[in-house]
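Under UniProt numbering, residues 1 to 885 are what the sequence shown spells out, in order.
Just so it is clear, CB atoms sit at the ideal spot from N, CA and C, and this is done for glycine as well.
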Amino acid sequence: MSTWDDIQKAIDAGDGELTARLVAALDEPGRRAVAKELPGELKRLRTLTRLGFLEDVHIHALLVAGAGTINGPAAAATWLCRTDLRPRWNIATITTLCRWLCDVTSVRTDEWRADVAHRIAARVQVAEEGGPRWYIAAALVTSAGAAVPVTDGFVVGWAASQIRARTLADDPFLDVLVPKLFEVDGVGAVLSREAVQGAWNMGRERSWSIALVDLARAGRLERTVLLDGCVSRFLRGGTPHTLRWFVQLHDALETTEEEATARVRDYARLLPAAPSIVAELALREVRRVDDLGRLDEPLFEEAAGAVLFRTEKKFVRATLSWLDRTARQRDRVDATLRSVAAVFTSDALDLQERAVRIAVKHASRAGDAVRAQIRDAAEVLPTDLRGTIAAAFGEIATAADPAPEPPGPPPFTPREPPAPIGSPAELVDEYIASVRRETPWRTIERLSGALVEFAYRDLDGTMEALRRAMSDHVPWSLDRDGGSHVYSYTNQQWVELAVCRHVFQQPSLAEDAHRSYLSRDDNAYAYGFWPRMERFLTWRKHEVAFVVGKVPVLLATPTEGSGHVDPDVLVGRLERLEKAGVEPGPADLTQALLRLPRDIDAAVAARAKGLASEAGRAVASWFAEGGLADPDIECRILDQPTHTLPGHRLRFSHHVLAPVETPGHPDVARLCALPEEGWSEEDLRPGGYHLVFWPSVAPSHREIVAAHLVPQLATDEAVDYGCGQGGVLLDLAEADGPTGAATGTILACSLTSRDPRDRADVVEALLAFSGRGHLPAAETGEALGRLAAHGRVVLSRAVKALTSAVDAGAHADVWTTVAAALPHVLPEPGGRAPAGVPDLLALGIRVAETTGARGAIPRVADVAARGGTSRLVKESARLHRTLAT
């Protein structure tokens, strides 16, 4: 028996320790012989698994064999970094693996091990956060006594590694990598968990921040490295999530008076735009230096002005208190007044009033030049506050020129459709790229269309090329046992389903999917209710897999970025099908009809009359009848929660009726109808569907799609956890057809999403609607008001989103939205307004002044007339005066 036979048996048995002993005993010819066998052994072992994934014991044995036998450092590093040899994360087994690797490479030179270690370190990604490859690289670096790698991935891996704080002082990487903690993006995200839990709650043994501070106190680390590192990291910018740990470290260092004074200019530089957790720290340090009497007047004005222009009220209030308290103590009344004047432009009435009170309080000590500046700045104040300033500083001039016309929203630019895939090789490349990221519907349509066309010309060649790509990149998708029922493939990519059906000769599930589409009671959906639009997409997916190799082209592949199909192109595709003597799949035909634009050229309609196939006659009839008529859609906001699950309350804020009666094509009418026969709210599963696909189903009738989306997006789950609302709404904005209460309800709910990134995407969609002149602003406002009045949304989030839309130019539409919402959220006498209403009123004042809106709103007038000192009453009175002037 050869040496390779013994090693192969050890590998097959998953015995890493035995493999390490056998490899360590090899001579140079033996190592070369074993290295030559390893690629074949890996391939053989993968073929014995169901999905192409090896067990960790086999991976460890193969890694050990490769590290001990492959001679070239580059080849050895490549073997150790193979994707199909990446072990699962377990600190105990990885530690053992690293010991074996060091054992089998001990015969190599230090230079060889260092070279391999640095090559592996260069491949460690930030996203791995200290995974197996980091531990392998770290072990080889240590065993070779090599220079410490400083790549981003290695630094982040060190921060994420399970190093005990009590042993950090003896860590060989400490001196080199501590400064890098403040330079490499990704460190803050890795250490954010400690910041969220609190260093003391984690215990001194596990807390990086406490350990580093302790080492600085002991003299093991330079304190200035940590403190200057924190400040430099703050100046580089970031998000609260990525900066929170550095704030914690900075606080734990407890800066001295001298340290704060030496860095006060850097702290002041942070005040204008740093995240609030950093700005709070910086403001505290600046005020501390000021209390010591060491803040010069120019830097004081710079710092105060920066904070007073921030949007967070807590900072503005705190800074106004600081300015008021120190104006006379520091003999800087003029500088204080110049800073306070910046608040006159605030949209918040309470802040304006406070700034005016401070200005009046110190008016007697103001110089002539500053008094003139205050009078000029006061021109933007409301009438009553202007009078208060005039009484203390002198008469205020009235602006001679009218305000300029506000800019409108940015013009809408439709997305260009992706170019068709030009060759089978490009199809394979595009497919490989698609499996590495979330795949949008446009890519799915492009891939499916190309798959059908190329497979019609060369079925076996196309399928084999895609099979190889799947085997290399997504081996788990080549599952001969998968797809035994319709439901199992709901979340699979369309291309993979077609390839698996061909490779494994699986029976078609297109008919099963069609039956499931027709009846929600089909056994294929025993796992729960699936909306009809989702079942339609599943039907179409299975149908595409069925027609691959049988038809030359799909009818429904979009020709526009909105999802539309050009009528002339559709007729040409039908002619190709007739020439081939085949009919399209019924789902493909239904989808093609719904993707036709609302207006059809007469010449195209005349050309369609010459089609002889059944599908051709259906399209010609569709052209002649003018397509799908717009149905009446009602969307009402319910007053009470409608369903409760154990330990979990669902508050459905909708009731949608969408009667559609479309003669001539039953599948279209069935797809559009809502509510579905037999449907009840107990069936609802918010989220979990391919909602981003739904607008592309009927791009000429977006209000129908919106009605179907309301049960999914107008829910607490969607608002709190997100369902891709921004992308869905942007596609609706790009689509055609009327918009109304259903679209407005989705917009209203989505504007209140918990995640600021989701809200930003929704604002982009709102601007697209507005830029096209298609925003249902009144319906959006009414839905927002009703939802807020029932306590189902957080109004303050919507105000922030609408403010962003105003900043981008959507003044008129936002005013219409606010005006429609206010009657529903302003309380009756003795009632309580939802949180955020004063801010909504302030936004209304801003856009009403900008757009020149006039005409009293009765509920606003009623609240204004009640009198009182609450902000609600003051803002209502101010808006009422604006509308009545």
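How is Arg636 classed by DSSP in three states: helix, strand or coil?
Here residue 636 is taken as the residue at index 636 of the sequence shown, counted from 1. If DSSP states are grouped into helix, strand and coil, Arg636 belongs with the strands.
Bridge partner(s) assigned by DSSP for Leu589
Your numbering for residue 589 matches position 589 in the sequence shown. Partner(s): none; Leu589 has no beta bridge.
Are His564 and Pro699 touching if we call contact CB-CB under 8 Å?
Position 564 of the sequence shown, counted from the start, is the residue given in the question as residue 564. Position 699 of the sequence shown, counted from the start, is the residue given in the question as residue 699. Going by C-beta atoms, His564 is nearer than 8 Å to Pro699.
Sub-8 Å separation of Gly153 and Thr242 beta-carbons
Taking the first residue of the sequence shown as 1, we reach residue 153 at position 153. Taking the first residue of the sequence shown as 1, we reach residue 242 at position 242. Not a contact, by the Cβ cut-off of 8 Å.
Between Lys800, Ala335, Arg636, Leu283, which has its C-alpha nearest Arg365's C-alpha?
As a position in the sequence shown, residue 365 is number 365, starting the count at 1. Comparing Cα-Cα distances from Arg365 to each of Lys800, Ala335, Arg636, Leu283, the minimum goes to Ala335.
Range covered by the alpha helix (DSSP H) that runs through Gly844:
For the purposes of this step, residue 844 is taken as residue 844 along the sequence shown, with counting starting at 1. First-last of the alpha helix (DSSP H) with Gly844: 837–851.
Inter-residue Cα distance where the pair is residue 935 and Pro440
In this structure the chain extends from 1 to 885, so residue 935 is not present and cannot be described.
Out of curiosity, what's the CA-to-CA distance linking Glu111 and His118?
Position 111 of the sequence shown, counting from 1, holds the residue named residue 111. Position 118 of the sequence shown, counting from 1, holds the residue named residue 118. Glu111 and His118: Cα-Cα distance of roughly 11 Å.
Which ranges does the alpha helix (DSSP H) cover as unbroken runs of at least 4 residues, wholly within the stretch 184–260, from first to last along the chain?
187–197, 199–202, 208–217, 223–236, 240–253
Any heavy atom of the ligand MG closer than 7 Å to the Cβ of Asp720?
You won't find the ligand MG in this model; it holds no ligand whatsoever.
Counting along the chain, where does the alpha helix (DSSP H) carrying Glu828 start and finish?
Counting from one through the sequence shown, the residue named residue 828 turns up at place 828. No alpha helix (DSSP H) contains Glu828, which DSSP labels as neither H nor E.
How big is the Cα-Cα spacing for Thr283 and Leu271?
Counted from its first residue, the sequence shown places residue 283 at position 283. Counted from its first residue, the sequence shown places residue 271 at position 271. Strictly speaking, residue 283 in this sequence is Leu, with Thr absent from that position. Answer to the nearest angstrom: the Cα atoms are 7 Å apart.
Please state the DSSP three-state secondary structure of Gln725.
Locating residue 725 in the sequence shown gives position 725, counting from the first residue. Looking at Gln725 - three-state DSSP - the assignment turns out to be helix.
Can you tell me whether DSSP reads Gln352 as helix, strand or coil?
Taking the first residue of the sequence shown as 1, we reach residue 352 at position 352. DSSP places Gln352 in helix when its eight states are reduced to three.
Using only the alpha-carbon positions, how far apart do Glu222 and Leu191 sit?
Walking along the sequence shown from the start, residue 222 turns up at place 222. Walking along the sequence shown from the start, residue 191 turns up at place 191. Each residue's Cα considered, the two are about 21 Å apart.
Are Pro738 and Glu703 close, meaning C-beta to C-beta below 8 Å?
As a position in the sequence shown, residue 738 is number 738, starting the count at 1. As a position in the sequence shown, residue 703 is number 703, starting the count at 1. Yes, Cβ-Cβ distance for Pro738 and Glu703 is below 8 Å.
Which first and last residues belong to the alpha helix (DSSP H) in which Trp441 is found?
By 1-based counting over the sequence shown, the position of residue 441 is 441. First-last of the alpha helix (DSSP H) with Trp441: 441–457.
Classification of Trp494 by the beta-carbon crowding that lies within 10 angstroms, buried from 16 upward
Counted from its first residue, the sequence shown places residue 494 at position 494. The residue in question, Trp494, is buried, as its Cβ has 16 or more Cβ neighbours within 10 Å.
Neighbourhood of Leu45 by C-beta, 7 Å cutoff - its chain only, sequence neighbours within 5 removed
Along the sequence shown, one-based indexing puts residue 45 at 45. Around Leu45: Leu54, His58.
With H, G and I counted as helix, E and B as strand and the rest as coil, what does DSSP make of residue 886?
The first residue shown for the chain is 1 and the last is 885, placing residue 886 beyond what the model contains.
With respect to the alpha helix (DSSP H) encompassing Phe412, which residues constitute its N-terminal and C-terminal limits?
In the sequence shown, the residue the question calls residue 412 occupies position 412. Here Phe412 belongs to no alpha helix (DSSP H), and DSSP marks it neither H nor E.
Pick helix, strand or coil for Thr47, following the three-state DSSP scheme.
In the sequence shown, residue 47 corresponds to position 47, counting from 1. Note: Thr47 maps to helix in three-state DSSP.
In this structure, how does DSSP classify residue 897 when only helix, strand and coil are distinguished?
Beyond the ends of the chain as shown, which are 1 and 885, falls residue 897; an answer cannot be given.
Can you tell me whether Arg866 is helix, strand or coil according to DSSP?
By one-based count along the sequence shown, residue 866 stands at place 866. It is coil, neither helix nor strand.
Boundaries of the alpha helix (DSSP H) in which residue 886 is found, first to last residue:
What the structure shows of the chain is the stretch from 1 to 885, and residue 886 is not part of that stretch, so it cannot be assessed.
Contact under 8 Å by Cβ, Arg332 with Glu297
Numbered from its first residue, the sequence shown carries residue 332 at position 332. Numbered from its first residue, the sequence shown carries residue 297 at position 297. Yes, these two residues count as a Cβ contact at 8 Å.
Please return the same chain residues whose Cβ sits closer than 7 Å to the Cβ of Gly726, not counting the five positions on each side in sequence.
For this step, residue 726 is matched to residue 726 along the sequence shown. For Gly726, where only same-chain residues beyond five positions count, the Cβ hits under 7 Å are Asp758, Asp761, Val762, Glu764, Ala765.
Thinking just about the alpha-carbon of each residue, which of Thr326, Val548, Leu177, Phe234 is nearest to the one in Glu453?
Counting from 1 along the sequence shown, the entry for residue 453 is found at position 453. For the residues Thr326, Val548, Leu177, Phe234, the minimum Cα distance to Glu453 belongs to Val548.
Check whether the Cβ atoms of Ser621 and Glu578 lie closer than 8 Å to each other.
Your numbering for residue 621 matches position 621 in the sequence shown. Your numbering for residue 578 matches position 578 in the sequence shown. It is not a contact, given that the beta carbons lie outside the stated cut-off.
The alpha helix (DSSP H) that contains Val116, what's its start and end?
Translated into positions along the sequence shown, residue 116 becomes position 116. It spans 110–123 - the alpha helix (DSSP H) in which Val116 sits, taken as one unbroken run.
For residue 892, which three-state DSSP category applies?
Residue 892 lies beyond the stretch modelled for the chain, which goes from 1 to 885, so this question has no answer here.
Assigned secondary structure, Trp134 (DSSP; H/G/I helix, E/B strand, else coil)
Position 134 of the sequence shown, counted from the first residue, corresponds to residue 134. Three-state result, Trp134: helix.
Between Val847 and Val806, which are expected to be in contact by the criterion C-beta below 8 Å, what is the C-beta distance as a whole number of angstroms?
Walking along the sequence shown from the start, residue 847 turns up at place 847. Walking along the sequence shown from the start, residue 806 turns up at place 806. With a Cβ gap of about 6 Å, Val847 and Val806 count as contacting.
Quick check: the Cα distance between residue 907 and His665, rounded to an integer number of angstroms?
One cannot answer for residue 907 here, as it falls past the ends of the chain, which runs 1 to 885.
Counting only the same chain and skipping the five closest in sequence on each side, list residues whose C-beta sits under 8 Å from that of Val799.
For the purposes of this step, residue 799 is taken as the residue at position 799 of the sequence shown. Only Gly836, Asp839, Leu840, Leu843 meet the Cβ criterion.
Quick one: is Trp504 buried, meaning 16 or more other Cβ sit within 10 Å of its Cβ, or exposed?
Your numbering for residue 504 matches position 504 in the sequence shown. Looking at the sequence itself, residue 504 is Phe, so the reference to Trp does not match. So Phe504 counts as exposed.
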